[in-house]
């Protein structure tokens, strides 16, 4: 490999690392989607139970906790999506730099 090839190799390594990051964040987002679905099912279950026993304080407390948990999960999803978007933007910039480096070698 010539000294001229090194910048492209560095860019390709950075690109590979970003693709790995995006993949991991995407997997995390999918996990959070599943967790949120479970939390939403629990909320529905508790609401149905409260329909049968509206004065049950334990059910009310459990519903509040489930709603808080679902909100936390949704917030984590939003954070993860923002991280994916930032990584994708960085990836596009690296792709642009790779194209520029290829053009300089021609």
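In the working numbering, the protein residues as written are 6 to 111.
For each residue, glycine too, the CB sits at the ideal point set by N, CA and C.
Bear in mind the structure is a predicted one, so any value in this text is a computation, not a measurement.
Secondary structure at residue 12: helix, using DSSP grouped into helix, strand and coil. Look at the beta carbons and you see the region 55 to 71 not touching the region 28 to 40: under three pairs across the two are nearer than 8 Å. The C-beta distance from residue 96 to residue 27 rounds to 7 Å, short enough to meet the 8 Å contact threshold. Shown here for residue 64: same chain residues with a beta carbon closer than 7 Å to its own, the five before and five after excluded, namely 51, 54, 55 and 58 in chain order. By the neighbour-count criterion, in which 16 or more other beta carbons inside 10 Å mark a residue as buried, residue 21 falls on the exposed side. Residue range 62 to 110 is occupied by the alpha helix (DSSP H) that includes residue 80. Here the alpha carbon of residue 76 sits roughly 13 Å from the alpha carbon of residue 47.
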